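Protein chains in written order, with our numbering: chain A, -6 to 328; chain B, -6 to 328.
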C-alpha cells in the first residue's frame, strides 16, 4: 500500500515527520510511503534508515509549503506546488491510497474538498477525533472542518461517524449523541432540534442529546457537534492538560512531601498518560472525502506521525471511505 | 441588607439551602435572608440556628416548586406561587435587594427576564461563571442564558463582563476575548466576525479571538461566547473533573505504590482542589437584569449556598447592576 505523507507539515517538520515515516515502515511491512516535500531537506534525514525501510520510502519533490497563517482555501488554490497539495493530488489520481499531514487544519480540509473531492451526496466533510473516555474511545465530530452547520451537515457527520466506528474501530451499532446544552428534549436551538428529527428518522442508534459533562464518561460512541464547538472543546482539552501539568509540576517543585509522593505514583501516571494522550496515538480522519485523508496533530513528533500513518493504513484496508460512499448511495443508513 | 433565597431550588433543598442560609448569616453580620419555600419544611431546619442568626432569617411561604424538567418559561409564567418566582418578585418590588437560587438554570433566566426584568437597552441577559485559570479568575459569559446569539448579544455580554470584573472583582481594565476556533483574524464565522467589529469600536480592552486552549491559561479576564458553547464547555469541565477523580481513585485502589504516593500528596491536592473547585466558591451572576440574581450550582451544599449568597451580597454592595445600567445609559462603555 502506498500512502503520501506531507513531510513539510507541522511544527516539527521535516525532522520528526521523516523519523515518523521510518518508524511507520518499520512497523508495517506492507507499507510504502511517498514523502512529499523539499527533497534536499528530506534526503539526509533518511540516511540512517535501514535498507529494508529505505527502499519503501519514495521522495516526491514539492517546492512550496502551506503555512499556518495563510487563508487555507486561497493557499491550497494558489500553491499548486505545495507539499500538501501534491500529496492530495496523489490521492485524487489514485497513485496513493491515502495521505497524512500535520499541517494546518484549514488547509487539509480545503485540500480535501478542492483536491481530493467530496463523496457524492456529502455536503460538508467532518473531522472526527477519537477521544478517550472512561470506558471507551468516543469520536467527536466535527472539530473544525465545518465551523457552522446545517441540520443536514450534523446528520451526515453522524452517518460518517457511525461507519467509522463500525468499520474501523469495530463497534457494533455505535451509539450516536447530539451535543447540546442539556439532555432534555426541550434543550438546544433550532439547529439541534431539526437535526434531531433527521437522526430519529434514520436507522442510526441515536440516543438523543448529550451534555458536555457526559463526554468524559463515554456518553456515546459518536458525539456530533458543529465544528466551532468541537474545535473549542478539543483545544480546551489540550490546554487543560497542559495547564494542569505545569501547575502540578510547579506545586511539586515547592513541596518536599509531594515530590516523594510523585515518585511512587509515576508508574500509574505513565499508564494513564498513555491511555489519555490522544495526540500520540490518534490521527484525525477527514470524513466525507474520496480517500483516506488523515490529519496528525500540528505538534506531532515521530511516534504521533507513525500513529497517524497507521490510522490512514487501517482506513484504507477497512475500506473506510468506500463504505461511506456505498452506504450513502444505497441509502442503507439514510432514509 | 435583605436578600431572598429560594430554599426549594437545587438537588439538596431544603436541607442544604437552609444550612447555607444559617452559615451566610453567621458570616455576614449585616445580612438578612428571606427564605422562600415550604415554611413547614423549613422551620424545623432552623431550630438549631443561634438566636442572633435566627432573628435575621425570615420565612416566606411558597406553595409551589419549579422542577428541573419543566419548560422554564412556561413554569415561571404558570407557577405564580413557586419559591423561585416569589423570591424574584421580592427583588422586583424592591423588598429584597437580590436573590439566590440553586434551581433550574432555564427557570432562573426566564424569571430574571419575566419577573425581575431586563436593564433597559440589554437585549438578552448573560450568565457569567467565574472560572479559575492558571494566573487569574476568568469570567466565561454566557454559559446558557442565551443559547444562540446575535453579534449585539455577544457585545453586551462583554460590556457586562467588563463591569463585573472592574466593579466586583476589582480588575483594572479587564481584557476581553472572543472565543473562536483560532486566534487568527480569519477564524470564526459571521457571528464572530461581526461581533468583533462591535468590540473593536468600543472602549473595551479587546484582545481579539481566543482559542479554547488558552482559557485554562487565563487568556482573558472575560471570555465571551454563545450560551450553547459556554454551557457545553462548563459542563465538560465538571464532567472531566469527576471522571478524572473516579479514574484516579480506581487506579489508586489497585496499586499499592500509588496509594502510598497519594498519602504524601494529599496536602497539595487539597490546596489545588480549593483553588479550582469553583462550585464551592462561586455563584453565577445573571447579568443584564434589574437586580442581583445569582445562580448557585444545582448540586450546591451549604458552603456553596453560603458562597453564592456572598456573591449576591457583594454584587449589591458594589452596585453591580446599577453600574451596568448607568454605563449603558451614559454610553460610557458603548459607543
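Note that CB positions come from ideal geometry on N, CA and C, so glycine has one too. Small disclaimer: the values here were computed from a predicted structure and weren't measured.
For residue 16 (chain A), the uninterrupted alpha helix (DSSP H) segment begins and ends at 8 to 20. DSSP assignment within the region 201 to 242 of chain B yields no whole alpha helix (DSSP H) run of 4 residues or more. Residue environment for residue 297 (chain A): buried (at least 16 other C-beta atoms within 10 angstroms of its C-beta). Within the region 188 to 214 of chain A, those residues whose Cβ lies closer than 8 Å to any Cβ of chain B are, in chain order, 204, 205, 206, 207, 208, 209, 210. Apart from sequence neighbours up to five positions away, the residues of its chain that approach residue 114 (chain A) with a beta-carbon distance below 6 Å are 321, ordered along the chain.
Taking the beta carbon of residue 64 (chain A) as reference, the chain B residues within 7 Å of it are 179, listed in sequence order. Secondary-structure assignment with DSSP links residue 94 (chain A) through a beta bridge to A:-1, A:288. Taking 8 Å as the upper bound for CB-CB distance, residue 313 (chain A) and residue 112 (chain A) are not in contact here, some 11 Å apart. Taking 9 Å as the cut-off between beta carbons, the residues of the region 138 to 169 of chain A near chain B are 140, 141, in sequence order. Interface residue (Cβ-Cβ distance to chain B less than 8 Å): residue 250 (chain A) is classified as such.
Look at residue 101 (chain B): its C-beta is not under 8 Å from any C-beta on chain A. In the three-state scheme derived from DSSP, where H, G and I count as helix and E and B as strand, residue 89 (chain B) is classed as coil.
Residue 43 (chain B) sits in coil when the DSSP states are folded into three classes, being neither helix nor strand. Distance from the CA atom of residue 276 (chain A) to the CA atom of residue 288 (chain A), rounded to whole angstroms, is 6 Å. DSSP places residue 277 (chain A) in the uninterrupted beta strand (DSSP E) bounded by 277 to 280. Apart from sequence neighbours up to five positions away, the residues of its chain that approach residue 58 (chain A) with a beta-carbon distance below 7 Å are 1, 75, 76, ordered along the chain. The beta carbon of residue 191 (chain A) lies closer than 6 Å to those of 144, 148 in the same chain, with the five residues before and after it left out.
The count of Cβ pairs closer than 8 Å, one atom from the region 290 to 308 of chain B and one from the region 18 to 26 of chain B, reaches three, so the stretches are in contact. Non-local C-beta neighbours of residue 8 (chain B) in its own chain, meaning closer than 7 Å and more than five positions away in sequence, comprise 38, ordered along the chain. Residue 248 (chain B) and residue 130 (chain A) have their C-alpha atoms roughly 24 Å apart.
For residue 19 (chain A), there are no neighbours in chain B by C-beta distance under 8 Å, as the nearest C-beta there is about 32 Å away.
Between residue 207 (chain A) and residue 176 (chain A), the alpha-carbon positions lie close to 10 Å from each other. For residue 307 (chain B), no CB of chain A lies under 8 Å from its own CB, so it is not counted at the interface with that chain. In this chain, the beta strand (DSSP E) harbouring residue 170 (chain A) covers 168 to 172. By the rule that beta-carbons nearer than 8 Å mark a contact, residue 132 (chain A) does not touch chain B. The Cβ of residue 59 (chain A) sits no closer than 8 Å to any Cβ of chain B.
A Cβ-Cβ distance of about 6 Å is found for the pair residue 90 (chain A) and residue -4 (chain A), placing them in contact under the 8 Å criterion.
Residue 119 (chain A) carries a strand assignment under DSSP once its states are collapsed to helix, strand and coil. Taking 8 Å as the upper bound on Cβ-Cβ separation, chain A lies near residues 231, 232, 233, 235, 236, 237, 239, 240, 241, 244, 245 of the region 231 to 247 of chain B. Around residue 200 (chain B), the same chain offers 168, 169, 170, 213 as residues with beta carbons nearer than 7 Å, after the five sequence neighbours per side are excluded. For residue 127 (chain B), the neighbours in chain A by C-beta distance under 9 Å run, in chain order, 236, 239, 240. From the listed residues A:264, A:290, A:153, A:110, the smallest Cα separation to residue 195 (chain A) is found for A:153. When DSSP states are grouped into helix, strand and coil, residue 81 (chain B) belongs to the helix group. With a 10 Å radius around the Cβ and a threshold of 16 neighbouring Cβ atoms, residue 121 (chain B) comes out buried. For residue 25 (chain A), the enclosing beta strand (DSSP E) covers residues 25 to 30.
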